[in-house]
Amino acid sequence: MPTLSHINTLLLSLAITIALLSCSSQQTTSVTKATAPGALVEYTFIDTFGPDKINWTINEGLDLFMTNGTMKASDFRDSLAKPQQGVKLYKVTYSSIIPEKNDAVVTAYGLIAIPQIVQPNAPIVSYQHGTIFDRSWTPSNPAGSMETQLMISQFASQGYIVIAADYFGTSKESTLPNSYFVAQSTAQACLDMYRASLQVLEKEHITPGKLFISGWSQGGYSTLAFLRYLDLLNIPVAGVATASGPADPLLFISESLNNPSPFAASFAVAAVSNLMLSFDAYYNLNGYFEGSIQPKYINLARQLYRFELSYEDFAKQVPTQPESVFLPEFFTDSRTALKPFWKALDAGAAYRWRMSAPLRCFYSLRDEAVPWQVARMAADYQRTLGHPNAEAIDAGANADHRSVYLYSLVEVKRWFDGMK
Numbered sequence: 017m018p019t020l021s022h023i024n025t026l027l028l029s030l031a032i033t034i035a036l037l038s039c040s041s042q043q044t045t046s047v048t049k050a051t052a053p054g055a056l057v058e059y060t061f062i063d064t065f066g067p068d069k070i071n072w073t074i075n076e077g078l079d080l081f082m083t084n085g086t087m088k089a090s091d092f093r094d095s096l097a098k099p100q101q102g103v104k105l106y107k108v109t110y111s112s113i114i115p116e117k118n119d120a121v122v123t124a125y126g127l128i129a130i131p132q133i134v135q136p137n138a139p140i141v142s143y144q145h146g147t148i149f150d151r152s153w154t155p156s157n158p159a160g161s162m163e164t165q166l167m168i169s170q171f172a173s174q175g176y177i178v179i180a181a182d183y184f185g186t187s188k189e190s191t192l193p194n195s196y197f198v199a200q201s202t203a204q205a206c207l208d209m210y211r212a213s214l215q216v217l218e219k220e221h222i223t224p225g226k227l228f229i230s231g232w233s234q235g236g237y238s239t240l241a242f243l244r245y246l247d248l249l250n251i252p253v254a255g256v257a258t259a260s261g262p263a264d265p266l267l268f269i270s271e272s273l274n275n276p277s278p279f280a281a282s283f284a285v286a287a288v289s290n291l292m293l294s295f296d297a298y299y300n301l302n303g304y305f306e307g308s309i310q311p312k313y314i315n316l317a318r319q320l321y322r323f324e325l326s327y328e329d330f331a332k333q334v335p336t337q338p339e340s341v342f343l344p345e346f347f348t349d350s351r352t353a354l355k356p357f358w359k360a361l362d363a364g365a366a367y368r369w370r371m372s373a374p375l376r377c378f379y380s381l382r383d384e385a386v387p388w389q390v391a392r393m394a395a396d397y398q399r400t401l402g403h404p405n406a407e408a409i410d411a412g413a414n415a416d417h418r419s420v421y422l423y424s425l426v427e428v429k430r431w432f433d434g435m436k
């Protein structure tokens with residue numbers, strides 16, 4: 017949860033951002049005023065995705081995306097929106113801070129996708145992406161990210177402005193450690209990407225409309241963490257959607273270790289080890305990772321975390337069963353959850369406050385990556401607090417992790433359209 021000092025930093029930086037936006041003559045793509053959180057450094061044209069490319073995304077691309085899935089691309093193709101227009105893609109470079117590192121100033125990156133014919137008051141969708149094991153899968157490299165391409169197809173080609181932050185440490189240019197599931201850094205990256213995007217739109221003489229936010233998998237968690245900052249700063253959000261979003265990291269990891277489903281994802285070990293190394297880098301856990309994993313797998317896990325080893329090569333050398341990789345005492349610790357790593361996981365819960373925006377949490381009992389109880393937890397908690405518009409939505413009995421995402425794309429587009 018943000019500290020009082022960090023709240024003050026957020027409020028100060030918001031005021032600076034407003035000042036930057038109100039003085040367009042002072043806005044520049046240079047680094048002159050790029051130390052305030054959210055200050056735009058530059059934005060660079062990447063490409064235009066025309067109707068042909070978008071048609072490829074929902075046809076051949078969708079087939080590739082659903083390879084080996086429990087459902088078929090044809091189960092979703094006719095429900096996805098057909099391309100309405102081309103989309104201009106820009107890589108955004110902006111200034112941000114790392115809350116977990118005494119607000120150290122950093123350079124961050126993201127994507128803004130703008131319809132070629134953008135209407136006044138076009139809504140913005142901030143999309144938070146899922147887990148990646150390769151730097152080429154970040155939103156700022158849309159050609160390498162199918163989930164980003166699907167967002168461009170489903171929203172940007174339909175008239176929405178889509179923005180998406182690369183999380184700290186994931187961009188090709190970044191020298192930071194991967195901030196995997198680090199709550200405040202994740203929220204800060206998304207918040208400052210939004211601020212920088214408003215400056216891009218100002219320079220392009222585009223007046224945006226309402227803000228929506230959504231995310232899949234890790235991005236569902238990121239969406240909720242981001243929402244907390246937006247609520248803190250009283251920035252209105254028209255609608256929030258998560259697909260397979262693990263709102264409670266402690267329960268998410270504990271279930272993976274102590275009660276895995278019969279169809280649990282093969283990448284669970286990679287995700288847990290990445291998360292431990294991320295927390296070690298941002299919270300200084302003093303060797304807890306090395307004391308929790310079989311020594312022969314330590315270097316491989318570090319190489320994966322640093323994007324020096326592909327997931328495929330990691331999976332060839334490291335068992336997929338957690339009990340074969342992690343030491344018995346790690347499992348014991350998971351049951352009491354009293355050591356610093358587990359306390360940090362618990363403190364990172366991204367749903368324990370009264371949210372203001374309408375919320376939809378998509379889940380499935382067949383999801384191999386995120387337990388359904390965790391994926392719908394934010395909506396259940398909000399209803400307990402009397403939230404009038406929070407709903408958990410089942411994506412279907414046969415919906416695996418990727419199917420939940422596709423189901424949510426269809427339903428969220430309809431929902432957002434009704435509120436824009």
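Using the working numbering, read the sequence shown as starting at 17 and increasing by one per residue.
Positions of the beta carbon are idealized from the N, C-alpha and C atoms, including for glycine.
The DSSP-derived three-state label of W388 is helix. Rounded to the nearest angstrom, the gap between the Cα atoms of Y245 and F268 is 22 angstroms.
Measuring C-alpha to C-alpha distances from M209 to each of W232, D182 and I222 identifies D182 as the nearest.
Within the same chain, Y367, R370, M371, L375 and A406 come within 8 angstroms of Q398 by CB-CB distance, once the 5 residues on both sides are set aside. For E407, the enclosing beta strand (DSSP E) stretches over residues A406 to D410. Between the stretch 321–336 and the stretch 232–245 there are fewer than three inter-stretch CB-CB distances shorter than 8 angstroms, so the stretches are not counted as touching. Rounded to whole angstroms, R351 and R382 show a C-alpha spacing of 25 angstroms.
The alpha-carbon separation between R430 and S260 amounts to approximately 19 angstroms. 7 angstroms or more divides the Cβ of Y106 from the Cβ of Y176.
Here the alpha carbon of A89 sits roughly 33 angstroms from the alpha carbon of V198.
Spatial neighbours of L207 in its own chain (CB-CB distance under 6 angstroms, excluding positions within 5 residues in sequence) are listed in chain order as Y245.
In this structure I133 is exposed. Its beta-carbon is surrounded by fewer than 16 other beta-carbon atoms within 10 angstroms. In the structure shown, W431 adopts helical secondary structure according to DSSP, grouped into three states. Leaving aside the five residues that flank K117 on each side, the residues in its chain whose CB is nearer than 8 angstroms to its CB run, in chain order, Y298. CA-CA distance, F65 to V341, rounds to 43 angstroms. When secondary structure is reduced to three states using DSSP, A55 falls in the coil class, being assigned neither helix nor strand. Non-local C-beta neighbours of G85 in its own chain, meaning closer than 7 angstroms and more than five positions away in sequence, comprise D416, R418 and S419, ordered along the chain.
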